[in-house]
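Residue numbers for the sequence shown follow the numbering used here, so the first one is 88 and each next one is one higher.
Just so it is clear, CB atoms sit at the ideal spot from N, CA and C, and this is done for glycine as well.
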Amino acid sequence: MPDHALPKQWDLFLKEFSDRLVAPSQGIPSTRCLSRNTLASIFSAIKKEKQLPSTFPSGLKILELLTSMGLATEIPTEKKESSAPSKEFYLIGLSASHDKTTDPFEMLQAHKPDGVICYFSAISYYEMSTQFPSHHHIATLTKSPKPSNPQSPHQVIDSKHEDTQPEASKKIGTLSFSYQGVPFYTTKRNSNTIPGIKTRILNPRTTIKITSKEQTLLDTLSYPIHCGGAEVVFEAWENYIDSIDEEALLDLLNSIKSASLNRRLGALLDFIGYQPKAELNRFLENTKKEAETSADQITIPLLKGHAFQRINPSWNIFIP
């Protein structure tokens with residue numbers, strides 16, 4: 088688009104656009120990496136608030152112009168099952184055309200600004216495993232009422248609802264796009280089961296929402312395939328167990344209130360030879376006693392969906 092074709096308000100538009108990207112916000116967690124949808128919303132809001140004329144360039148034309156000026160650089164991704172390039176994400180800023188490196192966490196948060204990074208992605212972020220992520224996840228949260236009449240102050244006895252379908256046969260989310268051959272998934276999670284969420288500064292222009300270290304470890308027991316499989320799960324626990332925050336872990340267990348998760352944790356700590364401190368140990372011993380007296384208890388695998396052969400009789404859990 089030649090300069091003479093630009094509307095007089097172009098400088099005004101650029102200033103407003105720049106002002107909106109001064110610092111990350113809840114709606115725009117990254118001012119460096121933005122999705123096409125987010126950019127379209129910003130363009131539309133500026134045009135409306137500044138009462139720009141109908142002759143002002145469309146969102147697509149604005150993006151093309153920013154790209155031609157070196158203010159926007161397309162990130163090459165693949166859309167869903169198609170191998171064709173998809174113009175879904177852009178790096179924004181004068182340095183964007185020079186620094187094209189993009190962090191997967193940045194792209195995840197740009198894709199779902201209100202989402203929470205979890206599973207294998209969180210394991211990778213906290214460097215709990217040496218394995219490169221085979222996929223990435225971000226979750227949108229849904230709400231459902233917490234049980235109104237728990238059977239104990241510590242937990243809800245829910246073992247009879249255990250899903251015995253092999254984990255490997257399940258979908259691990261909705262494939263949104265791929266980047267450099269790695270698939271990025273979105274999924275939905277009940278907010279009651281994911282109380283451990285942290286906000287982290289990824290870089291000066293990006294903040295992310297991600298499961299805490301302890302929440303991430305608990306997720307490996309219920310969603311092992313999402314987290315990279317058994318090998319990654321055990322590596323993550325072995326790498327982090329000596330620095331685990333037991334108080335934070337106990338707070339999560341009291342909030343989630345899942346008997347099967349509590350049992351899995353107890354069996355996992357037995358399996359790796361870790362002796363919890365007083366409060367967590369007391370909680371787990373109460374879990375064990377209540378499970379022993381429950382008519383609903385069934386034998387479940389240490390990692391949900393995995394077929395292990397040995398049984399830990401103390402927890403009635405199948406273990407490797």
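{"Query": "Among Met215, Glu372 and Leu305, which one has its Cα closest to the Cα of Ile343?", "Result": "Leu305"}
{"Query": "For a test of the three-state rule: what should DSSP assign to Phe271, helix, strand or coil?", "Result": "strand"}
{"Query": "Please report how far the alpha carbon of Gln238 lies from the alpha carbon of Gln267, in whole angstroms.", "Result": "In this prediction, Gln238 scores a pLDDT of 48, lower than 50, which makes its location untrustworthy; the coordinate-derived value is nonetheless stated afterwards. So the two alpha carbons sit approximately 48 Å from each other."}
{"Query": "Measure the alpha-carbon distance for Trp324 versus Leu389 and round it to whole angstroms.", "Result": "13 Å"}
{"Query": "Going straight from the alpha carbon of Ala394 to that of Phe405, what length do you get?", "Result": "8 Å"}
{"Query": "Among the candidates Phe358, Glu366, Pro270 and Lys275, whose CA atom is the shortest distance from the CA of Arg397?", "Result": "Phe358"}
{"Query": "Can you look up Glu214 in the DSSP assignment and give me helix, strand or coil?", "Result": "coil"}
{"Query": "Taking its Cβ as the centre, do 16 or more other Cβ atoms sit within 10 Å of Ser345, making it buried, or is it exposed?", "Result": "buried"}
{"Query": "Would the beta-carbon of Lys391 fall within 8 Å of that of Pro270?", "Result": "no"}
{"Query": "Pull up the DSSP beta-bridge partners for Cys120, would you.", "Result": "Leu178"}
{"Query": "What three-state label does DSSP hand Ser246 in the structure shown?", "Result": "With a pLDDT of 49 at Ser246, under the threshold of 50, the predicted position of this residue should be treated as unreliable, and no value is reported."}
{"Query": "Take the Cβ of Met156 as the centre, count every other Cβ of all protein chains shown within 10 Å, and call the residue buried at 16 or more, exposed below.", "Result": "exposed"}
{"Query": "Would you kindly work out how many angstroms separate the C-alpha atoms of Ala127 and Met215, rounded to a whole number?", "Result": "37 Å"}
{"Query": "Return the first residue and the last residue of the beta strand (DSSP E) that Lys258 is part of.", "Result": "That residue, Lys258, is in no beta strand (DSSP E); it is neither H nor E in DSSP."}
{"Query": "Exposed or buried, Gly114, counting other C-beta atoms within 10 Å across all chains shown (16 or more means buried)?", "Result": "exposed"}
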